[in-house]
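Asker: Residue numbers (this note's numbering), protein chains in the order written: chain A, 8 to 166; chain B, 9 to 686; chain C, 18 to 195. Have a look at the structure that comes next, please.
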Amino acid sequence: MKRFLPKSLLMLITCIALLGSGSILADAERMTFKNAQSETDYTKLVNELRCLVCQNQTIADSDADLAKDLRAKVYDMVEGGQTQDQVIDYMTTRYGDFVLYRPAFKMKTLLLWLGPIVFLLLAIFFVIRWVRSQATSPQSSGLSEAQQESVRDLLNKTQ
Amino acid sequence: MIPEIGHFALVLALVVAIVQSIFPMVGAATNNLQWIAMAKPTARAQFVLLAVSFACLTAAFLESDFSVLYVANNSNTFMPTVYKVSAVWGAHEGSLLLWVLILSVWAWLVSVFSKGISSVMLARVLSVMGMIGVGFLLFMLLTSNPFDRQFPIPLQGKTLNPLLQDPGLAIHPPMLYMGYVGFSVAFAFAIAAMLGGKLDAAWARWARPWTNLAWVFLTIGIALGSWWAYYELGWGGWWFWDPVENASLLPWLVGTALIHSLAVSEKRAAFKSWTILLAILAFSLSLLGTFLVRSGVLTSVHAFASDPERGRFILIFLGLVVGSSLILYAIRAPKMRSTGKFTVISREMGLLINNVALIAMTATVLLGTLYPLFIDALGMGKISVGPPYFNTIALPLGLVLFSAMGFGLFLRWKKDSKERVFAKVRWVLLFALLIGFLVPILFMEHFDWKAAIGVALASWVSLTALLWVQEQGRSPFKLPLSIWGAAIAHIGMAVTVAGISLTSAYSTEKDVRLERGQEYQMSGYSFLFNGVKEVKGPNYIAQQGEVVVTRDGVEITTLHPEKRNYGPGTMPMTEAGIDGGILRDLFIALGEPLGKDAWSVRLYHKPVVSWIWIGAGLMGLGGLLAAFDKRYRRVRRHLAEKKVVDQAALEADATGALAKHEVAANQTGIAKDNEAPA
Amino acid sequence: MKLSALIPLGIFAVLAVFLYKGLELKPREVPSPFIGKPVPEFTLPKLMVDGKTISPNDLKGKVWMLNVFASWCVSCRAEHDVLTRFIKAEKVPVLGLNYKDQPKDAKEWLAALGNPYQHIAVDLEGSVGIDLGVYGVPETFVIDKQGIIRHKQTGPVFDETVRNDLLPLILKLREEKS
């Protein structure tokens, strides 16, 4: 998401825009980037960094002063050619992992990231085990095959 | 005077709830017919008392009685009347009163619409609901009394949080609570069934319509919350995986699994213990949600109260309810052996996959929501788990669920053949894939594979639902409501998913600086900004902008986005200007004044975003139709005969003979149902 | 009793323990990742002495505190008395970081309430604040003789904070060798 910037930066952007360096232009736009990669990086980063003041918003959505400052910082770094990882590193050095809405993949988040896969595999395992156990035990119904077929038909006529 | 009456009614309600909890339950265990008979009147008395209490609190608000602390904290004389009413449940204490009132409403409904249920069973069900009521009433009277008075009496109150002064958000909590509390009915039935030791199809059949109804309310409640966030918060988003949003989603996911699992338990005497567990889980998650939003344990903009003291009380209550039900479950587990067998290719299998996918999603959302708490509690620092995590997980699990949804409708119970199913659905599958890949290419600016998958799955589910209705072989108007209900609900889900996929991939957003008279082009539309003027509302002052929207020279609409100020101590509220439509929403939000008659304005073009909530509405409609299917009502005549048998059984010990009779009676009942259109 | 039927209960029990512990935590507080690390370098103009600058190096060899404040911050006003008394009593050198403030306003504020700071740095844009991981005002850091940050207090300093956290720590750090 794109937001507004301090006046000084707006001046700088207008200057870059006037140089016609191939960015998306409409003179009303409040944020311009020197290339598409830069814009993608910026958008992704500001939408995945957590605001520390309004702690239930990303810095993209938050109106807090700190969020504005951090967006400006991300913009500077991204336009300056830094990678997403470098920006993330910068933020976590200063604010810790709290600032990342996408949890880093580390030892302590192993359970978090692998958990869903484990749940799914466990579930599949139990399902297979249960289905197999049914196949081995004998049919308890005393109906003949034909009668079973007609029962099935009756059952299937409804929901 | 009136607050005192309200308070007194609350105390009486607690007394009645205690009676309701103890006597019918003991009576059921000791075959004391008089005590059993106390269930219905106590449930009804509770409802009356709580209705009185609620009315008193509402009256206090309408009269602006600021001697009542809760009223003074949440209302003032300038507020429009409708919000004075919604302020009754706008904060912690009042919302608890609403919770217990709704609990008493459900219990009352169960006591009224229960002609087929044995009185022993009913006694246990109402008793369990009474116990839950006792917990909440104690909580209110001991820690969160809405009728507390204050001296000196202030001349003017504060205000209801401006965010809540909105029609959508006024109805959102009542809908949600109808859902959360509604799951207590299924929970109570499960407990009653376990206590009674009779885990046949009967409890599942009785619980089904109640659970469907609760699910409908919860679906609507969540959809309202999401829709509200979209039009009120001003950033075009509609779901943030915020802990409190997740707290409402968790019981919904399990509730969805439960309504499907109940179908199996009712029809096929399979999944017995699993369905009981789901019923316990659904209500437990409702209670967990109550804990999370009122204890301060998780940061959320949503949190009602951040009070560890209150949190402790709720946690103990949660522990008692969930702990005792799970202990009961463990004790009764050996008795819950399912007899219904099924093969790999069968409807049971399809519903099993449904359950697995939904529970895996539930576990994941729960894990993600609580993980920061785990890490912090273990002293390992602070981390955040946000939308990137949840969105990453939702996609694959959603894929599994949706693929199964299409097949599931066609599969036969117990045993089916791969060839038969594929013969039926292969063209639909192909068609769905085609639609999925063509829609983005033909109607959108570029191809997005996530959108394509979403649309393909949505088409798959909708088309199979329609095909299934068609293959019933009868005139659509003669079909039972439950068939229509399932089809419409599934189509609703598909519409929602299509909406989510397309809007996520193809929304456009621009943050621009506009001066009065300046025009801006976006997504084929032209936006003419005519400046901002000051407008006074009943209890706010607004900066109102005017934007004229045209397309190809034709004027579409004029929108008036606002920035409202509700007075000191409140944050400015953004009221977006929205032109909603079936195919797209145009969304305009004012940012900040930038000097010299210029403002920052955010413009959004959001294709088919309304499908998200239209789909939810369809899901609700489907659930409603299914809940009111005739056979749930007709079955009571069959089971009235059973009641006589039950009474006779009370005088003698329940023996194997009775169990066999039950099974036979059930099978007769099912067969009779299946002959007629039901 | 089937053992596997106890699994749901077991899972719930674990969960309940965590939730109980959770009631004592403070989820809104973000701990500083700088604890145990050197205080980040910066050079800022001094508020009270024109033309001079101040940097953390100037305070090396002493146990000192860095207090982030602003004239627009209400809580800073609330903690001012407690802070001033503590500083005077223990003779702790404190570098005040004037965060996103107008120097004129800051000077007026200090003139009215008293100036307990040994040095005051002017951080107009808040960039040094970001480098220190500041996210609210006031915040107070305790730095040891080697220039390592040993503690961060988010929010105002109250009497209990001084008694329980700051005072014991300052005394302990002073015992340590340079």
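For every residue, glycine included, the Cβ atom is placed at its ideal position computed from N, Cα and C. None of the values given here were measured: they were computed from a predicted structure.
State the Cα-Cα distance for the pair Glu659(B) and Ala22(C), rounded to the nearest angstrom.
Answerer: Along the second sequence, one-based indexing puts residue 659(B) at 651. Along the third sequence, one-based indexing puts residue 22(C) at 5. Residue placement at Glu659(B) cannot be trusted, given a pLDDT of 47 that sits under 50; what the coordinates show is reported in the next sentence. Going by the C-alpha atoms only, they are around 33 Å apart.
Asker: Considering only their Cβ atoms, is the gap separating Phe191(B) from Trp214(B) smaller than 8 Å?
Answerer: The count along the second sequence starts at 1 and reaches residue 214(B) at position 206. The count along the second sequence starts at 1 and reaches residue 191(B) at position 183. Going by C-beta atoms, Trp214(B) is not nearer than 8 Å to Phe191(B).
Asker: Measuring alpha carbon to alpha carbon, tell me which residue in Val262(B), Gln173(B), Leu450(B) is nearest Gly545(B).
Answerer: Along the second sequence, one-based indexing puts residue 545(B) at 537. It is Gln173(B) whose Cα lies nearest to the Cα of Gly545(B).
Asker: Ignore the nearest five residues each way along the sequence and tell me which others in Met65(C)'s own chain have a CB closer than 7 Å to its CB.
Answerer: Here residue 65(C) refers to the residue found at position 48 when the third sequence is read from its first residue. Answer for Met65(C): Ile137, listed in chain order.
Asker: Do we get a CB-CB distance below 8 Å when we pair Arg167(C) with the residues of chain B?
Answerer: On the third sequence, position 150 is the one that residue 167(C) refers to. Not one chain B Cβ lies under 8 Å of Arg167(C).
Asker: Alpha carbon to alpha carbon, how far is Trp421(B) from Thr116(A)?
Answerer: Numbered from its first residue, the second sequence carries residue 421(B) at position 413. Numbered from its first residue, the first sequence carries residue 116(A) at position 109. Each residue's CA atom was taken as its position, placing Trp421(B) and Thr116(A) some 42 Å apart.
Asker: Show which residues of chain B have a CB atom less than 8 Å away from the CB atom of Lys54(C).
Answerer: As a working mapping, residue 54(C) is identified with position 37 in the third sequence. None at all; the shortest Cβ gap to chain B is about 14 Å.
Asker: Give the interface partners of Ile367(B) over in chain A, defined as CB-CB distance under 9 Å, in chain order.
Answerer: As a working note, residue 367(B) is residue 359 in the second sequence. Within chain A, the residues near Ile367(B) are Phe126, Ala130.
Asker: My output table needs one value for Leu112(C): the three-state DSSP class, helix, strand or coil.
Answerer: Within the third sequence, numbered from 1, the residue matching residue 112(C) stands at position 95. Three-state DSSP puts Leu112(C) in a strand.
Asker: Apply the 10 Å Cβ neighbour rule to Phe99(B) and answer buried if 16 or more other Cβ atoms are within range, or exposed otherwise.
Answerer: The residue you call residue 99(B) lines up with position 91 of the second sequence. Note on identity: in this sequence residue 99(B) is Ala, with Phe being the wrong assignment. The residue in question, Ala99(B), is buried, as its Cβ has 16 or more Cβ neighbours within 10 Å.
Asker: Taking Cβ to Cβ, would you say Asp118(C) is nearer than 8 Å to Phe59(C)?
Answerer: For the purposes of this step, residue 118(C) is taken as residue 101 along the third sequence, with counting starting at 1. For the purposes of this step, residue 59(C) is taken as residue 42 along the third sequence, with counting starting at 1. The Cβ-Cβ distance between Asp118(C) and Phe59(C) does not fall below 8 Å.
Asker: Spatial neighbours of Val436(B) within its chain, please: CB distance less than 8 Å, with the 5 preceding and 5 following residues excluded, ordered by chain position.
Answerer: Along the second sequence, read from residue 1 onward, the residue named residue 436(B) stands at position 428. For Val436(B), where only same-chain residues beyond five positions count, the Cβ hits under 8 Å are Gly414, Trp468, Leu471, Thr472, Leu475.
Asker: Please report whether the beta-carbon of Thr372(B) lies at a distance below 8 Å from any beta-carbon of chain A.
Answerer: If you number the second sequence from 1, residue 372(B) lands on position 364. Yes - at least one Cβ of chain A is within 8 Å of the one on Thr372(B).
Asker: Assign Ala30(C) to one of three DSSP states: helix, strand, or coil.
Answerer: Taking the third sequence and counting its residues from 1, one reaches residue 30(C) at position 13. When DSSP states are grouped into helix, strand and coil, Ala30(C) belongs to the helix group.
Asker: Quick check on this structure: which residue in Asn54(A), Lys41(A), Phe126(A) has the alpha carbon closest to the alpha carbon of Glu86(A)?
Answerer: Within the first sequence, numbered from 1, the residue matching residue 86(A) stands at position 79. It is Lys41(A).
Asker: Run through the DSSP bridge pairs and tell me what Trp81(C) is partnered with.
Answerer: By one-based count along the third sequence, residue 81(C) stands at place 64. Per DSSP, Ile160(C).
Asker: Which residues mark the beginning and the end of the alpha helix (DSSP H) in which Met129(B) is found?
Answerer: For the purposes of this step, residue 129(B) is identified with residue 121 of the second sequence, where counting begins at 1. Start and end: 127-151.
Asker: Excluding sequence positions up to five away, which residues of its chain have a Cβ less than 7 Å from the Cβ of Leu374(B)?
Answerer: What you label residue 374(B) is simply residue 366 of the second sequence in a count that begins at 1. Only Leu258 meet the Cβ criterion.
Asker: Give a yes or no on whether 8 Å exceeds the smallest Cβ distance from Gly664(B) to chain A.
Answerer: Locating residue 664(B) in the second sequence gives position 656, where the first residue counts as 1. Confidence at Gly664(B) is low in this model, with a pLDDT of 47, below 50, so the placement of that residue should be treated as unreliable; the coordinate-derived value is given next. Cβ-Cβ to chain A under 8 Å: no for Gly664(B).
Asker: Flag this pair as yes or no: are the beta carbons of Gly507(B) and Ile620(B) separated by less than 8 Å?
Answerer: Locating residue 507(B) in the second sequence gives position 499, where the first residue counts as 1. Locating residue 620(B) in the second sequence gives position 612, where the first residue counts as 1. It is a contact, given that the beta carbons lie within the stated cut-off.
Asker: What do you reckon, are the CB atoms on Ala80(B) and Gly165(B) nearer than 8 Å?
Answerer: Taking the second sequence and counting its residues from 1, the one referred to as residue 80(B) is at position 72. Taking the second sequence and counting its residues from 1, the one referred to as residue 165(B) is at position 157. For Ala80(B) and Gly165(B), yes; Cβs fall inside 8 Å.
Asker: Can you name the start and end residues of the beta strand (DSSP E) that Met581(B) belongs to?
Answerer: Mapped onto the second sequence, residue 581(B) falls at position 573. From DSSP, the beta strand (DSSP E) with Met581(B) extends over 581-583.
Asker: Apart from the five residues on each side of it in sequence, which residues of its chain come closer than 7 Å, Cβ to Cβ, to Ala278(B)?
Answerer: Taking the first residue of the second sequence as 1, we reach residue 278(B) at position 270. Answer for Ala278(B): Val272, Ser346, Gly348, Phe350, Glu356, listed in chain order.
Asker: If you follow the alpha helix (DSSP H) that Ser531(B) is in, where does it begin and where does it stop?
Answerer: Start at 1 with the first residue of the second sequence, and residue 531(B) comes out as number 523. Segment: none, Ser531(B) is in no alpha helix (DSSP H) and carries neither H nor E.
Asker: For Val53(A), is the beta carbon positioned less than 7 Å from some heavy atom of the ligand GTP?
Answerer: Although the ligand GTP was asked about, the structure shown includes no ligands whatsoever.
Asker: Listing by chain order, which chain E residues have their CB less than 8 Å from the CB of Tyr102(A)?
Answerer: No chain E is present in this structure, whose protein chains are A, B and C.
Asker: Could you tell me whether the Cβ of Ser28(A) comes closer than 8 Å to any Cβ of chain B?
Answerer: On the first sequence, position 21 is the one that residue 28(A) refers to. Its pLDDT being 31, under 50, Ser28(A) is placed unreliably in this model, and the value from its coordinates should be taken loosely. By this cut-off, Ser28(A) is not an interface position.
Asker: Who are the Cβ neighbours of Gly376(B) in its own chain at under 8 Å, not counting the five residues just before and after it?
Answerer: Here residue 376(B) is taken as the residue at index 368 of the second sequence, counted from 1. Counting only Cβ-Cβ distances below 8 Å, and skipping sequence neighbours, we find Trp249, Asn254, Val393, Tyr397, Phe398, Ile401.
Asker: Answer yes if the stretch 89-103 of chain B comes into contact with the stretch 60-73 of chain B, meaning at least three C-beta pairs across the two stretches below 8 Å, and no otherwise.
Answerer: yes
Asker: Determine which residues of the stretch 315-339 of chain B have a Cβ less than 8 Å from any Cβ of chain C, and write them out in chain order.
Answerer: Within the stretch 315-339 of chain B, the qualifying residues are Pro316, Gly319, Arg320, Leu323, Leu326, Gly327, Val330, Gly331, Leu334, Ile335, Tyr337, Ala338, Ile339.
Asker: Judging by CA-CA distance, which residue of Phe159(B), Met186(B), Val108(B) is the nearest neighbour of Met148(B)?
Answerer: Locating residue 148(B) in the second sequence gives position 140, where the first residue counts as 1. The shortest CA-to-CA distance from Met148(B) to any of Phe159(B), Met186(B), Val108(B) is the one to Val108(B).
Asker: Is it the case that the Cβ atoms of Val262(B) and Leu226(B) are separated by a distance below 8 Å?
Answerer: Reading the second sequence from its first residue, position 254 is the one you call residue 262(B). Reading the second sequence from its first residue, position 218 is the one you call residue 226(B). Going by C-beta atoms, Val262(B) is not nearer than 8 Å to Leu226(B).
Asker: Indicate whether at least one CB of chain B lies closer than 8 Å to the CB of Lys63(C).
Answerer: The count along the third sequence starts at 1 and reaches residue 63(C) at position 46. Interface flag for Lys63(C) against chain B is unset, since no Cβ pair is found closer than 8 Å.
Asker: Please state if the CB of Leu188(C) and the CB of Arg167(C) are separated by a distance shorter than 8 Å.
Answerer: What you label residue 167(C) is simply residue 150 of the third sequence in a count that begins at 1. What you label residue 188(C) is simply residue 171 of the third sequence in a count that begins at 1. Not closer than 8 Å, so no.
Asker: So, under 8 Å CB-CB, Pro448(B) and Val463(B) are touching, yes? Tell me the CB distance rounded to an integer number of Å.
Answerer: Residue numbering aside, residue 448(B) sits at position 440 when the second sequence is read from its first letter. Residue numbering aside, residue 463(B) sits at position 455 when the second sequence is read from its first letter. The Cβ separation is near 7 Å, so the contact holds.
Asker: Please state whether DSSP places Gly416(B) in a helix, a strand or coil.
Answerer: Your numbering for residue 416(B) matches position 408 in the second sequence. Correct three-state label for Gly416(B): helix.
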